[in-house]
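Presented below is the structure to which this report refers.
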Amino acid sequence: MKSADELRSIRYQAYEAGALDRADGSKQDIFPHTLHPDDCDYLRDRIAELKPARTLEIGCATGLSTLALFEGCQIAKTTPEHTIIDPYLRAGWGSASLVLLERTGLTGHITLDERESVVALAEYVGRTPKPSFDFAFIDGCHWFECALTDLWLTSRLVSPGGVIAIDDLWMPAIQRALEYATGNLGVEIIDTRSRGGKDRIAFLRVASDASKRDWQFFKDFE
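Per our numbering, the sequence shown runs over residues 590 to 811.
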């Protein structure tokens, strides 16, 4: 695996070039499909503080957020067991992220799940024993029902005290899903990343096991 400095250098080079190599030798544009470099740096710094051992990423696209996550872990001197859920890495992105992760020596530390997140996460929740994670980053499908389902199922997989981050907080669908989650799923906002006058990433602490709520409990989120 590359060092934190090497990962940072590769990430910045990709941003400067504006494109990544696809498996067929063509180029995959980075923007507007990936985190802004400043947001990636912020994610890296939070990861370095949290020092997670088991991490989950929903939506990988170009793989630059994955590099930022591993860069943060390298700074913290940890090597996470990382799971990526993304059904579009090959057909949608020409395997650009897979080429990048191979180049950086990260593939041996990653479990890749190419199912839709609703299918993969539900299967994880149903496993015995159920996998658990210390940190999850959600940047997948941005429809309301997808974001809400990702938050709901991920909150059942991240251990109490762990952290979930969700991107694109400026989008109404993400805002509404987050409003439901904070009122009903036992998560609380601990930090928000803003840039350019817009909220970008919310960081949530899993504070309790929502499955232990009273069966009649519901907090309105309108």
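Every residue, glycine too, gets a C-beta built ideally from N, C-alpha and C.
When the distance is taken between beta carbons, is Ala799 closer than 9 angstroms to Ser744? To locate residue 744, count along the sequence shown from 1; it is residue 155. To locate residue 799, count along the sequence shown from 1; it is residue 210. Their beta carbons are under 9 angstroms apart, which means Ser744 touches Ala799 by this criterion.
Let me make sure I understand the geometry here. Which of Arg611, Leu653 and Ala637 has the alpha-carbon closest to that of Tyr604? Taking the first residue of the sequence shown as 1, we reach residue 604 at position 15. Checked all of Arg611, Leu653 and Ala637; the closest Cα to Tyr604 is Leu653.
Could you check if Pro761 is buried or exposed, using at least 16 other CB atoms within 10 Å of its CB as the buried criterion? Looking up residue 761 in the sequence shown gives position 172. Exposed, because fewer than 16 other Cβ atoms sit within 10 Å of the Cβ of Pro761.
Expressed to the nearest angstrom, what Euclidean distance is found between the alpha-carbon atoms of Ile699 and Ile673? In the sequence shown, counting from the first residue as 1, residue 699 sits at position 110. In the sequence shown, counting from the first residue as 1, residue 673 sits at position 84. Roughly 7 angstroms between the two C-alpha positions.
Limits of the alpha helix (DSSP H) - the one that Asp594 falls within: As a first step, residue 594 is located in the sequence shown; it is residue number 5 there, counting from the start. Counting along the chain, the alpha helix (DSSP H) containing Asp594 begins and ends at Ala593 to Ala606.
Suppose you measure from the CA of Ala770 to the CA of Ala709; what does that come to, to the nearest Å? Within the sequence shown, numbered from 1, the residue matching residue 770 stands at position 181. Within the sequence shown, numbered from 1, the residue matching residue 709 stands at position 120. Cα to Cα, the separation comes out at about 20 angstroms.
Does the distance from the C-beta atom of Ile753 to that of Phe724 stay below 9 angstroms? Counted from its first residue, the sequence shown places residue 753 at position 164. Counted from its first residue, the sequence shown places residue 724 at position 135. Yes.
Between which two residues does the beta strand (DSSP E) holding Phe722 run? Residue 722 sits at position 133 when you count from the first residue of the sequence shown. Where Phe722 is concerned, the enclosing beta strand (DSSP E) stretches over Phe722 to Ile727.
Please classify Glu660 as buried or exposed, where buried requires at least 16 other C-beta atoms within 10 Å of its C-beta. Along the sequence shown, read from residue 1 onward, the residue named residue 660 stands at position 71. Buried: at least 16 other Cβ atoms inside 10 Å.
In whole angstroms, give me the CA-to-CA distance for Arg635 and Ile664. Within the sequence shown, numbered from 1, the residue matching residue 635 stands at position 46. Within the sequence shown, numbered from 1, the residue matching residue 664 stands at position 75. Cα to Cα, the separation comes out at about 11 angstroms.
Just to confirm my understanding: we take Ala642, look at its own chain, exclude 5 residues before and 5 after, and list those with CB closer than 8 angstroms. What are they? As a first step, residue 642 is located in the sequence shown; it is residue number 53 there, counting from the start. Answer for Ala642: Thr667, Pro669, Glu670 and Asp723, listed in chain order.
Chain-order list of residues whose beta-carbon lies under 7 angstroms from that of Asp788 (same chain, five-residue window excluded): Your numbering for residue 788 matches position 199 in the sequence shown. Excluding positions up to five away in sequence, the list reads Leu758, Trp759 and Thr781.
Quickly, what does DSSP pair Asp618 with across the bridge? List them, please. To locate residue 618, count along the sequence shown from 1; it is residue 29. Answer is Ala608, bridged to Asp618.
Run the CB neighbour count on Glu811, radius 10 Å, all protein chains shown included, and call it buried at 16 or more, exposed below. In the sequence shown, residue 811 corresponds to position 222, counting from 1. Label assigned to Glu811: exposed.
What's the C-alpha gap between Leu632 and Thr717? By 1-based counting over the sequence shown, the position of residue 632 is 43. By 1-based counting over the sequence shown, the position of residue 717 is 128. C-alpha separation (whole angstroms): 31 angstroms.
Rounded separation between Gly750 and Thr644 - CA only: To locate residue 750, count along the sequence shown from 1; it is residue 161. To locate residue 644, count along the sequence shown from 1; it is residue 55. The alpha-carbon atoms of Gly750 and Thr644 are separated by roughly 14 angstroms.
Could you give the residue range of the beta strand (DSSP E) that holds Ala754? Locating residue 754 in the sequence shown gives position 165, where the first residue counts as 1. Run containing Ala754: Val747 to Asp756, per the beta strand (DSSP E) assignment.
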